[in-house]
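In the numbering used here, the protein residues as written are 3 to 75.
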Amino acid sequence: MCRIENILYIVKIKERYLEKLSKTTLKNGRFAGILLKSGENMAFELNGSSKAIIIIPYNWIEYMAPSLLNWGK
């Protein structure tokens with residue numbers, strides 16, 4: 003996969019989908035990651051040392067916004 007832009011996003015998953023994520027690192031419904039692919043499914047590289055890739059349906063996202071931490075770097 004190729005990064006769309008090197009921007010760190012804060013993403014919030016809709017409450018109704020959190021039960022499906024209860025046994026994952028996304029169980030709290032929020033994460034920070036770099037967007038790798040957009041469309042019907044969204045792919046992100048998680049922020050942090052693991053650099054794990056996650057794929058979630060677009061319609062599960064309540065909001066996503068650029069993080070101020072890395073904005074403008």
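Note that CB positions come from ideal geometry on N, CA and C, so glycine has one too.
Which one or two residues does DSSP pair with residue i in a beta bridge?
i: Asn43; result: Pro59
i: Lys25; result: DSSP output for Lys25 lists no bridge partner at all.
i: Lys2; result: In the structure displayed, the chain extends from 3 to 75; residue 2 sits before or after that span and is not available.
i: Leu38; result: According to DSSP, which records beta bridges pairwise, Leu38 is partnered with nothing at all.
i: Leu48; result: Gly35
When the Cα of residue i is compared with those of the options, which residue comes out closest?
i: Tyr65; options: Val13, Lys22, Glu7 and Ile9; result: Val13
i: Lys53; options: Leu37, Leu71 and Lys29; result: Leu37
i: Lys39; options: Leu71, Leu48 and Arg18; result: Leu48
i: Gly31; options: Asn43, Arg18 and Ser51; result: Arg18
Considering only the beta carbon of each residue, do residue i and residue j sit closer than 7 Å?
i: Ala34; j: Ser69; result: yes
i: Ile9; j: Trp62; result: no
Should residue i go down as buried or exposed, given a rule of 16 or more other Cβ atoms within 10 Å for buried?
i: Leu28; result: buried
Query raised in the report: Do three or more CB pairs link the segment 23–36 to the segment 46–60 at distances below 8 Å?
Result: yes
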